[in-house]
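Each protein sequence line maps, in turn, to chains X and D. The opening position of the first sequence corresponds to residue 1 in our numbering, with each subsequent residue numbered one higher. The opening position of the second sequence corresponds to residue 1 in our numbering, with each subsequent residue numbered one higher. Heads up, the beta-carbon is just placed ideally off N, CA and C, and yes, glycines get one too. Only a predicted model underlies this, so the values are computations on that prediction, with no experimental measurement involved. Worksheet: one structure, shown below.
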Amino acid sequence: MSLLPLVGFTGPSIDWWALLPQVILLGAALLILLVSALAPQRTSISFATATTVCASVTAWIVAFGLWNDIKNEGPSASIASALAIDGFSIFFTMLVLIALTITALLAHSYLGREGIDPPEFHALLLCSAAGAIVMASANDLIVIFLGLEALSIGLYVMIAMHARRPEAREAAMKYFVLGAFSSAFLLYGIALTYGSTGSTNLIHIRDYLNAVVFRDQHLLMAAMALLLVGFSFKVAAAPFHFWAPDVYQGAPSPVTGWMASIAKAAGFAALLRIFFAAFANYDADWSPIVAVLAVLTLLVGAVMAILQNDVKRMLAFSSVSHAGYVLVAVQSASASGTSAALFYLFTYTFMVLGTFAIVGAMGTDGEHPLDRYSGLGRSRPVLAMTFTILLLAQAGVPLTSGFVGKFQVIAAAVEDRGYVLAAVAMLSAVISAFMYLRIVMAMYVADDEVEGPSPKLHWTVSVVLIGVTGFTLLIGIVPQFLIEMAEDAVPVLIRG
Amino acid sequence: MIELLSAQSGPAFPVLNAIIIVPALGALVVVLLPNSRPEMMRPIGAIFSSIAAAMSLYVMAQFSSHDPGFQFESIQSWIPALGINWHVGVDGISLWLVVLTGLITPIVLLGVDPHHDPKPYTAWLLLLQAGSFGAFLSLDLFLFFVMFEIVLVPMYMLIGGWGYDDRRYAATKFFLYTMAGSALMLVAIVSVATLSAGDQGITFNVIELAQRQALSTNTARWCFLAFALAFVIKVPIFPVHTWLPDAHTQAPTAGSVVLAAVMLKLGTYGLLRFGLYLFPEASVWSAPTLATLGVIGVVYGAVVATMQKDLKRLVAYSSVAHMGFIVLGIFAFTTQSLEGGVLQMVNHGLSTGALFLLVGMLYERRKTRAIEELSGIQSAAPIFAGFFTIVMLSSIGVPGLNGFVGEFLILIGSYDTRRWWTIIAATGVILAALYLLWAYQRVFHGEPTPADEATPDLTLREGLILAPFVVGIVFLGVYPKPVLDRIEPAVNELIAHIENHSDYERPNPADPVVVDHNQSSKDDH
């Protein structure tokens with residue numbers, strides 16, 4: 001690199017190949033913005049969607065190549081160990097890219113229907129996705145924070161994209177204020193971690209914690225607590241979930257799906273890498289706290305969900321309850337628990353995106369009363385059956401991916417002797433099931449005079465629904481390959 | 001699917017896998033049929049269902065009555081990462097339930113008109129059949145749980161889609177009760193598999209786990225309780241029976257028949273296969289409590305049935321009473337009581353299933369099931385009354401019909417080990433005569449009103465639907481030996497297993513009849 005005029009400064013070596021997925025996404029975002037600035041009349045939503053999908057698919061192919069490389073050559077790190085290139089990061093990269101494709105397709109139909117045509121939406125979505133990938137692959141607390149902000153700032157704008165709707169603006173404001181609030185917690189936690197270990201790099205932190213016995217570990221405990229609070233806000237774990245129902249309800253449905261799937265998954269990715277990999281020595285300290293959070297999240301999510309009458313709010317609380325399941329897996333602080341969490345997040349992403357795709361197709365205004373679904377089983381049997389499968393999968397009925405995910409979470413908890421926790425998790429599943437069954441019953445049991453809604457499905461929505469439902473059933477019947485992938489994706493901290 | 005059909009072990013043709021797959025395949029075919037030919041749905045569904053029924057009869061014919069273990073076993077790797085196999089097999093305990101499941105489904109599919117949406121109706125019934133087969137045949141705990149839970153969905157949809165006025169409440173209650181029970185069972189399943197793993201690796205294989213008996217006494221008891229809760233709700237035993245009358249009353253006739261004949265048996269079958277077999281010590285420990293609950297169920301179900309105004313609800317409560325008998329038989333741990341319990345599962349399927357069919361036919365004619373609105377049907381519909389009489393007498397347990405054989409075996413077998421329980425339960429037989437005969441008298445005798453006069457008699461088709469039930473009822477009542485011969489080795493094996501792994505010892509039979517029976521079974525070995 002003799003062309004570089006920077007003499008005397010040797011930058012860290014950068015594995016561009018491993019960074020290619022993020023680079024492709026950001027490049028696509030810039031392309032969309034550039035073309036829309038240069039030729040505003042010529043850019044349409046179709047162009048933005050097509051670019052996003054192409055970029056996402058290309059990045060996925062690259063990520064798949066990386067996955068095979070890691071399998072053959074082992075994990076590594078890049079940019080002075082700030083970014084990990086391991087199974088964990090690529091697993092999440094692939095997940096984010098799949099969700100990105102789905103959300104871009106859903107947003108295409110939503111934006112077209114609502115007559116909102118700025119191509120910025122897709123550019124922001126791409127940035128948000130890149131942020132999520134960075135968050136999942138960062139080996140450094142500061143980089144995790146950068147990824148988190150990139151993910152969130154895109155989201156703030158996407159929620160408010162439908163500027164004519166006051167609910168959307170309110171939701172964006174709420175998410176922004178609480179997001180900033182939780183970022184502050186997180187930053188404080190990062191600062192205290194730096195204060196007690198002398199580094200923000202997770203590898204250094206782990207090595208330091210392995211080598212040093214603290215005489216007074218209060219600072220580290222405070223750091224862990226603050227980090228946990230920050231991430232609990234992001235993944236909507238009780239008692240830090242209060243923003244979730246309002247924001248989920250007010251946001252456009254494709255964005256709600258993105259929040260419930262990827263914002264949550266990225267939060268868990270960072271949480272797992274920090275706590276499972278870096279704070280592994282202190283699992284006796286953080287695991288009980290996570291267990292308490294898990295119980296609260298499971299029960300609050302399930303109980304509050306059955307008290308709602310608005311479908312979007314029900315699903316918001318159910319998403320809280322699902323975060324509780326992942327926390328049950330996280331608290332076991334074992335490799336099997338971590339792979340259970342990864343499997344759960346992967347399969348839940350498909351279910352929740354499909355669910356919100358249908359919710360989005362069913363209604364455009366802010367309200368989603370349960371009555372709107374009555375008679376759907378008669379007027380649109382295939383759509384109703386698809387929705388039923390996705391809801392039953394979330395309830396954890398066998399032969400769906402949701403059951404295999406729950407089974408692994410329970411197995412991880414039981415291996416860790418967390419029998420009570422496992423029992424609580426299963427009972428909360430029963431409580432949640434009541435809410436899912438209410439929706440199913442509304443669709444199938446209606447008075448004869450009820451006509452039943454007949455929503456128009458854009459072809460992109462149909463494609464998405466076929467894909468996610470097929471995946472949910474496929475993984476429910478033959479989960480082996482995804483379980484193996486999740487087992488290969490347990491995070492490791494390796495110097496670059 | 002192809003992998004499943006090409007078994008690597010077991011018999012040349014993996015007939016048990018095919019039994020499970022064929023109805024599921026049929027459901028898929030029915031769903032893909034065009035909507036333009038609604039009248040084709042049920043016949044095509046019935047073809048698939050009948051193929052499964054024929055295969056279950058083939059299994060019955062090929063079943064060796066000398067082998068106490070599992071036959072037609074077939075095992076394939078399913079989720080190796082978690083140690084889970086697709087493992088099926090049949091023994092004397094499950095054989096007759098499989099045959100019952102096979103025969104009942106095509107009959108109700110052809111015999112009961114859903115009135116609307118025949119396509120999803122057929123598909124759900126076929127899935128129900130496939131799932132029930134799977135639950136009775138699986139020898140892997142994970143596979144069993146999958147099947148045990150998955151049958152909820154078709155039944156839930158049948159109640160919700162084709163039920164009566166209060167179906168939303170009944171369907172949801174049914175689903176949640178069963179799911180709540182099985183929630184803890186899943187935790188127990190994982191615990192048993194994990195804690196038994198040791199050096200040999202994790203397995204969900206029921207036979208393997210039963211042989212290992214690796215759990216400590218206390219853990220095994222906890223796990224047993226979790227299993228028992230799931231099954232007790234499914235049976236259902238007092239006091240967790242309240243979902244049953246609602247589900248039965250609101251379900252369409254086909255749903256009620258399959259629910260009574262097949263799905264309730266999942267509870268008692270589960271207690272035998274997974275309760276007694278996996279946790280012998282805990283079963284013996286808990287037997288007094290469970291037998292007590294069973295006996296309470298017998299008396300309570302009968303008393304409540306007496307007071308019902310709705311004919312279908314009456315039959316539903318009679319189910320609670322009959323299933324209580326079976327639970328008593330299971331937890332008395334003698335050859336006769338267990339044999340009687342297994343036989344009574346089949347008997348109850350035949351008699352209660354047929355009663356629900358008859359009540360459904362009556363409802364089709366009169367649009368009411370209220371006992372006080374019906375009277376004197378016998379003069380208008382004598383053949384109908386005749387069928388009702390035979391089935392009712394079977395349900396009461398009159399000698400010469402199947403109910404007598406089962407109840408007699410349970411009572412005589414339980415008397416040795418659970419004397420007082422048996423004496424109280426015996427009153428249930430009298431109460432059964434009371435509520436059924438009283439209901440019969442009010443509905444079929446008395447002065448007919450003009451509406452009763454106009455009640456049409458059975459059609460030939462309805463007669464043909466009921467005929468198999470009546471044939472089964474009479475055959476099992478007169479000559480139960482071929483059935484008992486196949487049940488007995490498996491039951492003796494199970495009791496020997498319990499004796500090996502707990503301090504229970506089966507009593508020396510004092511009754512000469514019982515002595516004969518034991519000797520004949522020893523000659524068989």
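Quick one: residues in its chain with C-beta nearer than 7 Å to the C-beta of Met485 of chain X, no 5 flanking neighbours on either side, listed in chain order?
For the purposes of this step, residue 485 of chain X is identified with residue 485 of the first sequence, where counting begins at 1. These residues qualify, in order along the chain: Phe91.
Between which two residues does the alpha helix (DSSP H) carrying Gly477 of chain D extend?
The residue you call residue 477 of chain D lines up with position 477 of the second sequence. Start and end: Leu460 to Val478.
By how many angstroms is the C-alpha of Leu202 of chain X removed from the C-alpha of Phe145 of chain X?
Residue 145 of chain X sits at position 145 when you count from the first residue of the first sequence. Residue 202 of chain X sits at position 202 when you count from the first residue of the first sequence. Taking the straight line joining both Cα atoms gives about 13 Å.
Who pairs with Ile75 of chain D in a beta bridge, going by DSSP?
Numbered from its first residue, the second sequence carries residue 75 of chain D at position 75. According to DSSP, which records beta bridges pairwise, Ile75 of chain D is partnered with D:His87.
Which chain D residues are close to Ala422 of chain X, counting only those with a beta carbon under 7 Å from its beta carbon?
What you label residue 422 of chain X is simply residue 422 of the first sequence in a count that begins at 1. What Ala422 of chain X touches in chain D: Val187.
Using a beta-carbon distance below 8 Å, is Ala429 of chain X in contact with chain D?
Residue mapping note: residue 429 of chain X aligns to position 429 of the first sequence, counting from 1. For Ala429 of chain X, the answer is yes, since a Cβ of chain D falls inside 8 Å of its Cβ.
Is Pro482 of chain D helix, strand or coil when you go by DSSP?
Locating residue 482 of chain D in the second sequence gives position 482, where the first residue counts as 1. Reduced to three states, the DSSP call for Pro482 of chain D is helix.
Measuring only between beta-carbons, confirm whether Glu208 of chain D sits less than 8 Å from chain X.
For the purposes of this step, residue 208 of chain D is identified with residue 208 of the second sequence, where counting begins at 1. Chain X, which has no Cβ nearer than 8 Å to the Cβ of Glu208 of chain D, makes this no.
Alpha carbon to alpha carbon, how far is Thr103 of chain X from Leu148 of chain X? Give it in angstroms, no decimals.
On the first sequence, residue 148 of chain X is found 148 positions in, with the first residue counted as 1. On the first sequence, residue 103 of chain X is found 103 positions in, with the first residue counted as 1. One C-alpha to the other measures close to 19 Å.
Whole angstroms are fine: how far does the CA of Ala370 of chain D sit from the CA of Leu298 of chain X?
For the purposes of this step, residue 298 of chain X is taken as the residue at position 298 of the first sequence. For the purposes of this step, residue 370 of chain D is taken as the residue at position 370 of the second sequence. Cα to Cα, Leu298 of chain X sits roughly 45 Å from Ala370 of chain D.
Return the residues of the stretch 161-178 of chain D that lie within a Cβ-Cβ distance of less than 8 Å from chain X, sorted by chain order.
Under the 8 Å Cβ criterion, the stretch 161-178 of chain D contributes Gly161, Arg167, Arg168, Ala171, Thr172, Phe175 and Leu176.
Report, in whole angstroms, the separation of the C-beta atoms of Met304 of chain X and Val187 of chain D, which I expect to be a contact under 8 Å.
The residue labelled residue 304 of chain X in the question sits at position 304 within the first sequence. The residue labelled residue 187 of chain D in the question sits at position 187 within the second sequence. The Cβ separation is near 24 Å, so there is no contact.
Output the residue ranges of the alpha helix (DSSP H) runs that lie fully inside the stretch 254-325 of chain D and measure 4 residues or longer, sorted by chain position.
The qualifying runs are 264-270 and 280-306.
Which same chain residues end up closer than 7 Å to Gly397 of chain D when comparing Cβ atoms and leaving out the 5 residues on each side of it in sequence?
Against the second sequence, residue 397 of chain D aligns to sequence position 397. So the list reads Gly403, Phe404, Glu407, Val429 and Ala432, once near-sequence residues are dropped.
Looking only at DSSP bridge pairs, what is Ile85 of chain X linked to?
Within the first sequence, residue 85 of chain X is the residue found at index 85, counting from 1. The partner list for Ile85 of chain X (beta bridge, DSSP) reads X:Ser76.
If we count the other Cβ atoms within 10 Å of its Cβ and call it buried at 16 or more, is His115 of chain D buried or exposed?
Here residue 115 of chain D corresponds to residue number 115 of the second sequence, with the count starting at 1. So His115 of chain D counts as exposed.
List the residues of chain D that Leu392 of chain X touches, going by C-beta distances under 7 Å, in chain order.
Locating residue 392 of chain X in the first sequence gives position 392, counting from the first residue. Val153, listed in chain order.
Between Pro106 of chain D and chain X, is the shortest Cβ-Cβ distance under 8 Å, so that the two count as touching?
By 1-based counting over the second sequence, the position of residue 106 of chain D is 106. For Pro106 of chain D, the answer is no, since every Cβ of chain X falls outside 8 Å of its Cβ.
Compare the C-beta of Glu184 of chain D against all C-beta atoms of chain X and say whether one is closer than 8 Å.
Within the second sequence, the letter at position 184 stands for residue 184 of chain D. According to the sequence provided, residue 184 of chain D is Leu. The question's Glu does not apply to it. Yes, Leu184 of chain D lies at the interface with chain X (some Cβ there is under 8 Å from its Cβ).
List the endpoints of the continuous alpha helix (DSSP H) containing Phe434 of chain X.
On the first sequence, position 434 is the one that residue 434 of chain X refers to. Residues Tyr419 to Tyr444.
Identify the contact partners of Tyr156 of chain X in chain D, using a Cβ-Cβ distance below 8 Å as the criterion.
The residue labelled residue 156 of chain X in the question sits at position 156 within the first sequence. Per Cβ cutoff of 8 Å: no residues; Tyr156 of chain X is ~39 Å from chain D at best.
Identify which residue in X:Asp216, X:Leu376, X:Ala184 and X:Leu390 has its Cα closest to the Cα of Ser196 of chain X.
What you label residue 196 of chain X is simply residue 196 of the first sequence in a count that begins at 1. Residue X:Asp216 is the option with its Cα nearest to Ser196 of chain X.
I'd like to know if Ala411 of chain X contacts chain D, where contact means its C-beta is closer than 8 Å to some C-beta of that chain.
Within the first sequence, the letter at position 411 stands for residue 411 of chain X. Yes, contact with chain D.
Going by the DSSP bridge assignment, what does Asp140 of chain X pair with across the sheet?
Position 140 of the first sequence, counted from the first residue, corresponds to residue 140 of chain X. DSSP, once it has assigned bridges, lists X:Asn201 as partnering Asp140 of chain X.
DSSP three-state call for Pro119 of chain X: helix, strand or coil?
By 1-based counting over the first sequence, the position of residue 119 of chain X is 119. Pro119 of chain X falls in the coil class under three-state DSSP.
Quick check: Thr203 of chain D and Leu195 of chain D, are their CB atoms within less than 8 Å of each other?
Position 203 of the second sequence holds residue 203 of chain D. Position 195 of the second sequence holds residue 195 of chain D. The answer is no: Cβ separation not under 8 Å.
If the cut is a Cβ gap below 8 Å, which residues of chain D does Phe434 of chain X touch?
Locating residue 434 of chain X in the first sequence gives position 434, counting from the first residue. Ordered by position in chain D, the residues that pass the 8 Å Cβ test against Phe434 of chain X are Thr172 and Leu176.
Where Ala238 of chain X and Asn17 of chain D are concerned, what is the direct C-alpha to C-alpha distance, given to the nearest angstrom?
Here residue 238 of chain X corresponds to residue number 238 of the first sequence, with the count starting at 1. Here residue 17 of chain D corresponds to residue number 17 of the second sequence, with the count starting at 1. Those two C-alpha atoms are separated by around 45 Å.
Please classify Trp459 of chain X: is it buried, with 16 or more other beta-carbons within 10 angstroms of its beta-carbon, or exposed?
Numbered from its first residue, the first sequence carries residue 459 of chain X at position 459. Trp459 of chain X should be labelled exposed.
Using only CA atoms, which one of X:Leu19, X:Arg380 and X:Ile205 lies nearest to Tyr194 of chain X?
Locating residue 194 of chain X in the first sequence gives position 194, where the first residue counts as 1. When each option's Cα is compared against that of Tyr194 of chain X, the closest is X:Ile205.
Using a Cβ cut-off of 8 Å (strictly closer), state whether Thr259 of chain D contacts chain X.
Residue 259 of chain D sits at position 259 when you count from the first residue of the second sequence. According to the sequence displayed, residue 259 of chain D carries Leu and not Thr. So no, Leu259 of chain D is outside the interface.
Restricting to Cα atoms, I'd like to know which of X:His122, X:Leu66, X:Trp16 and X:Ile79 is closest to Ser36 of chain X.
On the first sequence, position 36 is the one that residue 36 of chain X refers to. Among X:His122, X:Leu66, X:Trp16 and X:Ile79, the Cα nearest to that of Ser36 of chain X is on X:His122.
What does DSSP give as the partner residue(s) for Asn402 of chain D in the beta ladder?
One-based indexing of the second sequence puts residue 402 of chain D at position 402. None; Asn402 of chain D has no bridge partner.
Kindly indicate the opening and closing residues of the alpha helix (DSSP H) around Met60 of chain D.
Here residue 60 of chain D refers to the residue found at position 60 of the second sequence. Run containing Met60 of chain D: Met41 to Gln62, per the alpha helix (DSSP H) assignment.
Could one say the Cβ of Val502 of chain X lies closer than 8 Å to chain D's Cβ atoms, at least one of them?
Nothing can be reported for residue 502 of chain X, as the shown portion of chain X is limited to 1 through 496.
Ile483 of chain X versus chain D: which residues are under 8 Å apart at the beta carbon?
Working through the first sequence from its first residue, we reach residue 483 of chain X at position 483. The contacting residues are Ile79, Ala81 and Leu82.
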